[in-house]
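Structure, as structure tokens:
In the numbering used here, the protein residues as written are 212 to 351.
Okay, here's the thing in structure tokens:
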């Protein structure tokens, strides 16, 4: 039994050493994105701005974000369904500083719209946290 436990411990250690940092980033980024979307789904646009990355907050004021979301997102109505389409890791994005990003796309349906694709980008902040850094929605 001790040999089996020792072998299992070695396997865990080897697996941990070979862990894929990009896969870990995708998992963390996706969790943050889904949490952030909960705020937007609830119409808490100001709170979603507060929870966003510094890069996001420096690009748009809280008031402008709330207005944009009230104008574009609110008319779509309540969320009916959201299905993960993809989640990818990148170290570069157009018009963004070099860093670590996770781009998450969802196939989404709201009560007042046809099928949409939501793209939310999470960014690894200097303090080690992951935060939403971009949001884009378009019809499919």
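Don't be surprised by glycine CBs; every beta carbon is placed ideally from N, CA and C.
Cutoff 8 Å; reference residue i; Cβ partners in own chain excluding five residues on either side
i, result
"residue 273", "257, 260, 261"
DSSP-derived helix/strand/coil call for residue i
i, result
"residue 342", "strand"
"residue 326", "coil"
"residue 336", "coil"
"residue 349", "strand"
Beta-carbon proximity list for residue i, same chain, < 6 Å, skipping 5 on both sides
i, result
"residue 252", "290"
"residue 293", "317, 319"
"residue 296", "316, 317, 318"
"residue 307", "none"
Neighbourhood of residue i by C-beta, 7 Å cutoff - its chain only, sequence neighbours within 5 removed
i, result
"residue 286", "323"
"residue 303", "309"
"residue 264", "334, 336, 342, 343, 344"
Contact under 8 Å by Cβ, residue i with residue j
i, j, result
"residue 298", "residue 240", "yes"
"residue 337", "residue 243", "no"
"residue 344", "residue 300", "no"
"residue 311", "residue 236", "yes"
"residue 325", "residue 305", "no"
"residue 348", "residue 327", "yes"
"residue 321", "residue 288", "yes"
Just list the beta strand (DSSP E) runs in the region 231-318, keeping only unbroken ones of 3 residues or longer that don't cross its boundaries, in chain order. 290-301
With a cut-off of 8 Å, do at least 3 Cβ pairs link the region 327-345 to the region 235-251? yes
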